[in-house]
Amino acid sequence: MPRAKKTAGTAVDKRNGQQVLGVVAGLKVEKFAAPRGLSKPAKVAWDDFWEDRPAHLVTPAAKVVLLRWIDALDRYLRTIAEADQNPLVTGSQGQEVINPLYKVAEQAMSTVRDCEKQLGIGGLNAASLGLAAISEQRSLAQMNARYSEPGDVEEDDEPDPRMRIVRGVVDEP
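Start counting the sequence shown at 1; every next residue gets the next number (full-length UniProt numbering).
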């Protein structure tokens with residue numbers, strides 16, 4: 001006797017054993033204006049975020065993570081640009097040392113990575129939140145629709161010559 005189907009909302013992804021996340025109606029946060037003073041590359045990242053799948057998972061409680069992400073990303077972009085202008089600076093003993101702004105940029109990038117994990121930004125992070133499975137299902141449906149269109153498959157009018165041998169009909173030389 002086959003196993004009974006799981007009730008809605010309790011199914012898990014066979015690949016990682018995690019429940020597939022769904023978007024709960026009414027909890028999704030609509031796109032809102034980017035914080036003031038962002039650099040141009042950070043504004044582009046902000047707009048790109050809202051056009052991508054992870055934006056569908058932002059809830060009112062996750063808004064603070066989103067704001068932390070864009071702030072840290074902007075801080076990283078500005079700091080790394082400044083550090084790249086002068087990668088080596090004079091240290092306290094007169095020696096050349098790596099610009100300390102690189103350390104600040106590294107800390108900002110660490111915050112960016114942490115926020116990206118929570119928001120599902122990037123392929124691996126999205127997959128860990130179940131977003132990749134949704135995308136794969138959609139593309140599989142598109143492929144099925146594409147290959148099942150009538151007239152796409154060429155039908156051969158001649159029968160398979162191997163079937164003649166199976167039926168016992170052999171041409172004599």
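Quick reminder that beta carbons are idealized off the backbone N, C-alpha and C, glycines included.
As the structure is a prediction and not an experimental result, all values here were calculated from the model.
Scanning its chain for C-beta atoms nearer than 6 Å, with the 5 sequence neighbours on each side dropped, one finds around D74 the residues L38, S39 and A42, in chain order.
Annotation: the continuous beta strand (DSSP E) that includes E96 extends over E96 to I98. With respect to A55, A83 sits apart: the two C-beta atoms are not nearer than 8 Å. Annotated as proximal: A108 and T79, with beta-carbon spacing under 8 Å. The DSSP assignment places 88-90 and 96-98 as complete runs of the beta strand (DSSP E) inside the region 78-113, in order along the chain (cut-off: 3 residues). Counting of Cβ neighbours within 10 angstroms places Y76 among the buried residues, the total reaching 16 or more.
Judged by DSSP secondary structure, A62 falls outside any alpha helix (DSSP H); it is assigned neither H nor E. For I165, the uninterrupted alpha helix (DSSP H) segment begins and ends at P161 to R167.
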